[in-house]
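A short write-up of the structure that comes next.
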Amino acid sequence: MTNFIRIFILLLAAALTQTGCSDDDSSAQTAAEEQAEKLTGRWKVATVTLDGATQDAYAETVFTLSSLTSGTNMSYIIEENPGQSPWSVSSGGRLFFDAQDPTKYLTREDDVRISYEVTETTLIFEFTYAEPSTTGRITGIVGEWKFVFTKQ
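With mature numbering (1 follows the signal peptide of the UniProt record, and there is no 0) applied, the sequence shown covers -22 to -1, 1 to 130.
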């Protein structure tokens, strides 16, 4: 009878061990959350080009990116943004991760789609800015923009 109890206890322990293991890790981050961690921080402009031409007015520009609790969007603050700028909100705004490919695309609050690459030290934003339908916007900012930042 003692062997029967020992075998029963071993089988019960093995069964409990197996049921306690799960491949479903509900604490795993989404792709957007992983990207938000990489993007979060202060990024100083290294170079800016408009249609391939260097834009020196951005030499002192700094972006601060912060992840918001939803994990689907980020806020940004722009320091030293020049008067003529393709950023619709001159002091900051929101960026939303693309639902299909959050590791490559963000959408700005004015629906401008931004292609991006991020490493531990470098961030690149590329987008096309088209003249908005409203009047009064400063000319000279329409075209293909590329912002290269270094992490501070």
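Yeah, the Cβ is synthetic: ideal placement off N, Cα and C, and Gly gets one too.
Handout entry: Secondary structure of E109, DSSP reduced to three states
Key = coil
Problem - Residues that DSSP places opposite S45 in a beta bridge - result: M52
Practice task
Grab the span of the beta strand (DSSP E) containing F11 for me, first residue to last.
Solution key: Residue identity check: residue 11 is Glu in the sequence provided, not Phe. No beta strand (DSSP E) contains E11, which is instead part of the alpha helix (DSSP H) from A9 to L17.
Problem - DSSP three-state assignment for A6, whether helix, strand or coil - result: coil
Problem - Beta-ladder partner(s) of I92, from DSSP - result: L84
Practice task
Pick out whichever of F125, E109 and N51 has its Cα sitting closest to the Cα of D76.
Solution key: N51
Problem - Beta-bridge pairing of A31 - partner residues as DSSP gives them - result: L28
Handout entry: Cβ-based burial, G97 [other Cβ within 10 Å; buried from 16]
Key = As written in the sequence, residue 97 is Thr, which differs from the Gly given in the question. Label assigned to T97: exposed.
Practice task
Less than 8 Å between the CB atoms is what I'm expecting for L101 and L84, so what's the real figure, rounded?
Solution key: Actually they do not touch by this definition, with Cβ atoms about 11 Å apart.
Exercise for the section: Please say whether V23 and T8 have beta carbons closer to each other than 8 Å? Expected result: no
Practice task
With 8 Å as the threshold, decide whether the Cβ of E87 is near any Cβ in chain B.
Solution key: Among the chains of the structure shown, chain B does not appear; only one protein chain is present.
Handout entry: Alpha-carbon spacing of E58 relative to S45, whole angstroms
Key = 21 Å
Practice task
With a 10 Å radius around its C-beta and 16 neighbouring C-beta atoms as the bar for buried, classify R91 as buried or exposed.
Solution key: exposed
Practice task
Could you tell me the distance, in whole angstroms, from the CA atom of E32 to the CA atom of E12?
Solution key: For the sequence presented, residue 32 should be read as Thr rather than Glu. So the alpha carbons of these two residues sit roughly 32 Å apart.
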